[in-house]
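Heads up: the sequence lines are chains A and B, in that order. Oh and the first sequence: position 141 is 141 in my numbering, straight run, nothing missing. Every position in the second sequence, counted from 1, becomes a number in my numbering once 1000 is added. Where is the CB? At the ideal position from N, CA and C, for every residue including glycine. Here is the structure we will look at, set down as structure tokens.
There are 2 protein chains.
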Amino acid sequence: MGTIPEPTPARLRAIPSRLLAGTAIVADRLVGERLSAEGAHKWHFAVLVTLAEAGPASQAELSRRTGIYRSDMVAVLNELADADYVRREPDPADRRRNVITLTPVGRRRLEHLDALIADAQRELLAPLTPGQREELTRLLTVLVEHHRPPHPRPHDAR
Amino acid sequence: MGTIPEPTPARLRAIPSRLLAGTAIVADRLVGERLSAEGAHKWHFAVLVTLAEAGPASQAELSRRTGIYRSDMVAVLNELADADYVRREPDPADRRRNVITLTPVGRRRLEHLDALIADAQRELLAPLTPGQREELTRLLTVLVEHHRPPHPRPHDAR
DNA sequence: TTTAAACGTTAGTGACACTAACGAAGGTAG
DNA sequence: CTACCTTCGTTAGTGTCACTAACGTTTAAA
């Protein structure tokens, strides 16, 4: 007669910040597994999407739009440029900047990664009805929107 | 006439795994700030709650109930024991185990930390109605419950 | 009685958010 | 023009956290 598989106390289970941490871990693992199987990364997708949506941009712009720190952006762009998903060239109009441009190969890569990520989201949200998925997205959006550096912060990009 | 503060592409903003990651970071920061201001830690609270709810337990039991790895549990219990919030003594019935017991001081500490955490949750969920907060908690619970090691895994406690 | 498992513990890994500081370039004020 | 401050790309580094590996000890199972 073995002991029952110790339960987590209810008082602990019901704490939103803990639930968020837990689901975020699950979600990240789901996405990460799929992407790394194809030699890709979360951040690659974010950059490619941003370029596809808003056109060529500087590294600092990409940082602000994706939320990836500009110090981390360097490595991401190295990898994307090495694989020819992206071109990186100095901006003649402002010689501090690099102009990052999506290549045709990059666009195809994006479609592929997009499918992988959509798949991961589906698996993540599997136990929810379509209505619940929308509701969850809505609620989370409200939260991230609300908790956010008051305004377009003074200086220094993320 | 400056450029408008670069927006995140909609295609990126609407991805649940990204939203979860974002809110989890905010939530963790909110909780962490309050606790660290009192020299406490997330994990301290989890252990104290578990002891209060389910009584004395071994370190491995605490690990499984809280989700804290038993390798990390060691340091947590060192700190809690040093502050006399918890007693740690060898289990005479099974000399592999330590029995961890909540002290009266620990119980008072718990009440304090509980207030801090409740406060953080309130700030986190501030932009939501009470109904929405419940709904969010419900949805997240479904997700964590669903994505979870199939059954009481073979061996080796977290 | 041999084997396997659980326990507490130490050490270490990898991912990721985040900071600091740098030289180079550009913008602005005197 | 000069001085100053900001932005940009880049390098290096920090702290936290989830997670793994391995160990010696003790207990349970075969």
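Taking a cut-off of 8 Å for Cβ pairs, the stretch 70-88 of chain A and the stretch 1036-1053 of chain B do not touch, as fewer than three such pairs fall below it.
Residues of the stretch 1117-1130 of chain B with a Cβ closer than 8 Å to any Cβ of chain A, in chain order: I1117, A1120, Q1121, L1124, L1125, A1126, P1127 and L1128. Chain order gives the chain A residues near T1023/B as L20, L140, L143 and V144, where near means a beta carbon separation below 7 Å. DSSP places L102/A in the strand class (E or B) of the three-state scheme. From the listed residues W1043/B, P1009/B, D1028/B and S1058/B, the smallest Cα separation to R1088/B is found for S1058/B. Contact with chain B is absent for S36/A, since none of that chain's Cβ atoms lies less than 8 Å from the residue's Cβ. DSSP places R1088/B in the strand class (E or B) of the three-state scheme.
8 Å or more divides the Cβ of A1027/B from the Cβ of P92/A. L1139/B and I100/A have their alpha carbons spaced roughly 39 Å apart.
By the C-beta density criterion, G106/A is buried, having at least 16 other C-beta atoms within 10 angstroms.
The C-alpha of L1077/B is placed about 45 Å away from the C-alpha of A1010/B.
Rounded to the nearest whole angstrom, the C-alpha separation of P1005/B and R1096/B is 59 Å.
Taken through DSSP and simplified to helix, strand or coil, A14/A comes out as coil. Only those residues of the stretch 1086-1099 of chain B whose C-beta falls short of 7 Å from the nearest C-beta of chain A would be listed, and there are none.
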